[in-house]
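Read the structure below first, then the notes.
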Amino acid sequence: MRFLLVTLVLFNTFNNLKGLCVDSNNYYLLGNLTNTSPTSTKCKSDSDQCVYIALNVPGMVMGSMSGCQDNIGDTFTNIVTQRMDIKDNFQMFFDNITNKIDMNQICKFSMSGDAPAIVNTLTGRMEYFIHCYSQATLYINPPVVYNPPSKSANPTKCNAGQDQVTCTEGYCGVFEVAYLKQDDLSQVNKLYQSCPNQLINTIYLTSHIKDIVQNGGFQTSIYHMGSVCANKSYDNALSKAQNLSYFMYINCYTNYNGYTPSIPQIPDLTSQQPTPNSDESTTTTMPSKSSSSIGTTTQKLTTTTKYSAPTANLSFSLFILLVISFFLA
């Protein structure tokens, strides 16, 4: 409604004038609210188009923006490059020379319906709507609008190993992961503490490590961890499946009064009993301890095979001897 009313007022200002678009921002990015009143803005070129973008990515950004394609390109590039998995989704539109999103390419796929595009991300379902239109044209009542929070979050101090960082999202996060290297089956343990968005980028990088990139169970679990963080919650996963074993834990929390959660003890993945099905896995809650370090464990994966005596044959032989002894007595 706000966009509609102000746009109607601006109509008399620039209608039939080339080089003008309505410039407006109302989005919430990593805890920061950007809200500017709609104004008529002259574009750098008469060939530029006006662009309206509505975007919603859980745990990252929500809202909309409009303006000349060059300015919107800068804003949109700044937003999507905050997260590696989001940038991947728009990689085909990046100009390798400017390292920015090419809005000319984006506008070739301008959306004219009333439904957003939907893409799965590390933190859940991303929805976006992009519409490009001619200068001096009113784009009234966009069909897709995401209303952001009315104010910015309160920045907070969060642990980052032995240091502290300021997180604009207003909450903190911890991510723990362990897996087996495939060349020597030694265990790798990692612990990360930082702002939630940084942890999501760490999750993205972890999911691409060569030792686990083909581990389907690990990939499913790590995507779940991203959604847990975006919802300011916690969870863990433990899979004991021989060389495909892994452990992970995430907790994204509000640190009221300096609260810091206890961090689970990473289990030993290298010593396991053989199982009939190597794909068998379990998920449990682990005992907790306080920790803030990043470590690497180098233990070999070992299995134990127990020898089982032929007890059935032995019992039968004893039975025969007893019967013979009875008749000979």
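Numbering (the numbering used here), first residue to last: 3 to 331.
Cβ atoms here follow ideal geometry from the backbone N, Cα and C, with glycine treated the same way.
Remember, predicted model here, so these are calculated numbers, not experimental data.
Legend entry - For Y54 and S136, the rounded distance between their alpha carbons: Their backbone Cα atoms lie some 11 angstroms apart in a straight line.
Legend entry - Candidates D50, S39, G61 and L240: closest to C134 by CA position: Of the candidates D50, S39, G61 and L240, the one whose C-alpha sits nearest the C-alpha of C134 is D50.
Inset, instruction - Could you round the C-beta distance between N332 and G172 to whole angstroms and report it? I think they count as a contact, below 8 angstroms. - result: Because residue 332 is not part of the residues shown, which for the chain are 3 to 331, the question remains open.
Inset, instruction - Figure out for me which residue from P263, D90 and P198 has the closest Cα to the Cα of A232. - result: P198
Legend entry - Proximity winner among Y141, L182 and N191, relative to P40 (alpha-carbon distances): Y141
Inset, instruction - Return the CA-CA distance between M113 and K183, expressed in angstroms with no decimal places. - result: 45 angstroms
Inset, instruction - Let me know if Q200 comes out buried or exposed under the rule of 16 or more other beta-carbons within 10 Å of its beta-carbon. - result: Residue burial is scored here from C-beta neighbours: Q200 has at least 16 other C-beta atoms within 10 angstroms and is therefore classed as buried.
Inset, instruction - Starting from V215, follow its DSSP beta bridges and name the residues at the other end. - result: According to DSSP, V215 shares a beta bridge with no other residue.
Legend entry - DSSP-derived helix/strand/coil call for T204: helix
Legend entry - Reference F111, options T125, N122, G126 and F131, closest by Cα: It is F131.
Legend entry - Close beta carbons around I214, own chain, < 6 angstroms, minus the five adjacent residues each side: Counting only Cβ-Cβ distances below 6 angstroms, and skipping sequence neighbours, we find Y181 and F220.
Legend entry - G172 (DSSP reduced to helix, strand or coil): coil
Legend entry - Beta carbon of L32 nearer than 8 angstroms to that of T125: Not a contact, by the Cβ cut-off of 8 angstroms.
Inset, instruction - Using a threshold of 8 angstroms, state whether the C-beta atoms of N191 and I252 are closer than that. - result: no
Legend entry - Beta-carbon gap between M94 and G75 smaller than 8 angstroms: With contacts defined as CB atoms closer than 8 angstroms, M94 and G75 fail to qualify as a contacting pair.
Inset, instruction - State buried or exposed for L22, treating a residue as buried only when at least 16 other CB atoms are found within 10 Å of its CB. - result: buried
Inset, instruction - In angstroms with no decimal places, state the Cα-to-Cα distance between K153 and N34. - result: 8 angstroms
Inset, instruction - Return yes when the Cβ of Y29 is within less than 8 angstroms of the Cβ of N150, no when it is not. - result: It is Pro, not Asn, that sits at residue 150 in the sequence shown. Yes, they are a contact pair.
Inset, instruction - With a threshold of 16 other CB atoms inside 10 Å of the CB of Y206, please say whether the residue is buried or exposed. - result: buried
Inset, instruction - Determine the burial state of S280: buried for a count of at least 16 other Cβ atoms within 10 Å of its Cβ, exposed for fewer. - result: A caution first: S280 carries a pLDDT of 39, below 50, which makes its placement in the model unreliable, though a value can still be read off. Answer is exposed; the Cβ neighbour count stays below 16.
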